[in-house]
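In short: position in the sequence shown from 1, add 427, done, that's our numbering. All C-beta atoms, glycine included, are put in the ideal place defined by N, C-alpha and C.
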Amino acid sequence: MIRLATTTAIIVGGLAACASPGPSTSGVPAATIDTRGAASNAVTPAVFTSEQADRGQRVFSEVCSACHGANEFRGPIFSMTWMAEPVGHLFEHISSNMPEDRPGSLSPEEYAAVLAHFLRVNGREPGDTELPSDPHLLRRMRWKRPQAP
Ligand code: HEC
428 MIRLATTTAI
438 IVGGLAACAS
448 PGPSTSGVPA
458 ATIDTRGAAS
468 NAVTPAVFTS
478 EQADRGQRVF
488 SEVCSACHGA
498 NEFRGPIFSM
508 TWMAEPVGHL
518 FEHISSNMPE
528 DRPGSLSPEE
538 YAAVLAHFLR
548 VNGREPGDTE
558 LPSDPHLLRR
568 MRWKRPQAP
């Protein structure tokens, strides 16, 4: 029985990994994937502060701009790809793959600050609460503004 259960878990985990866009989401429990669309009350809008976005902008120009243009992470293509996904997907992508020559070399707070900068250049309004650097919280956060009822 134990072996069966383990096998099932591996299969479910493998399917979940295939269904997600990036390689870094393979650790997401299957339950999270299943409830992604239905349990909308578990989804929170992304928050950040303007100080945090300023910090992110500095990190971007010191580190990321060696290879990326300032306008690369805004506009329709960025919206249709990364901004259709939870904020955590981009966090995980960046924090495990970027900078390309030194992956994972920044602190989680620096990666979160870069995301705050991306939120701001895509027209989101800063608030009083910083964007967290906890991948579990970020995975529940959406780029889109909540729809008015
Ligand atoms: C040494 C060059 C280099 C640096 C520095 C660098 N990147 Fe990249 N980045 C790349 C390359 C090359 C790709 C495309 C290949 C890939 O996705 O791995 C890429 C892809 C990306 C993507 C995916 C683009 C997309 O739309 O699919 C994101 C997001 C990203 N980088 C963010 C960052 C951030 C944020 C930083 C700074 C913390 C950074 N990069 C620093 C070279 C770099």
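According to DSSP, which residues form a beta bridge with residue i?
{"i": "residue 507", "result": "The partner list for residue 507 (beta bridge, DSSP) is empty, contrary to what the question assumes."}
{"i": "residue 476", "result": "Its beta-bridge partners do not exist; DSSP assigns none."}
{"i": "residue 526", "result": "For residue 526, which the question treats as bridged, DSSP gives no partner whatsoever."}
{"i": "residue 482", "result": "Its beta-bridge partners do not exist; DSSP assigns none."}
{"i": "residue 569", "result": "472, 513"}
If you draw a straight line from the alpha carbon of residue i to that of residue j, how long is it in whole angstroms?
{"i": "residue 535", "j": "residue 523", "result": "10 Å"}
{"i": "residue 489", "j": "residue 496", "result": "12 Å"}
{"i": "residue 482", "j": "residue 548", "result": "13 Å"}
{"i": "residue 559", "j": "residue 537", "result": "11 Å"}
{"i": "residue 513", "j": "residue 521", "result": "13 Å"}
{"i": "residue 478", "j": "residue 493", "result": "23 Å"}
{"i": "residue 533", "j": "residue 485", "result": "13 Å"}
{"i": "residue 551", "j": "residue 491", "result": "21 Å"}
{"i": "residue 531", "j": "residue 556", "result": "25 Å"}
If you measure between the beta carbons of residue i and residue j, is that distance less than 7 Å?
{"i": "residue 543", "j": "residue 480", "result": "yes"}
{"i": "residue 526", "j": "residue 475", "result": "no"}
{"i": "residue 529", "j": "residue 470", "result": "no"}
{"i": "residue 565", "j": "residue 518", "result": "yes"}
{"i": "residue 507", "j": "residue 570", "result": "no"}
Could you give the C-beta distance for residue i and residue j, rounded to a whole number, given that I count them as a contact under 8 Å?
{"i": "residue 515", "j": "residue 472", "result": "That belief does not hold up - the Cβ atoms of residue 515 and residue 472 are roughly 13 Å apart, past 8 Å."}
{"i": "residue 487", "j": "residue 541", "result": "6 Å"}
With hydrogens ignored, establish whether the beta-carbon of residue i is closer than 6 Å to any heavy atom of the ligand PLP.
{"i": "residue 481", "result": "Absence of the ligand PLP is noted for the structure shown, with the ligand HEC being the only ligands found."}
### Query
What are the uninterrupted segments assigned as beta strand (DSSP E) that are 3 or more residues long and contained completely in the segment 529-567, given in chain order?
Fully enclosed beta strand (DSSP E) runs of 3 or longer: not present.
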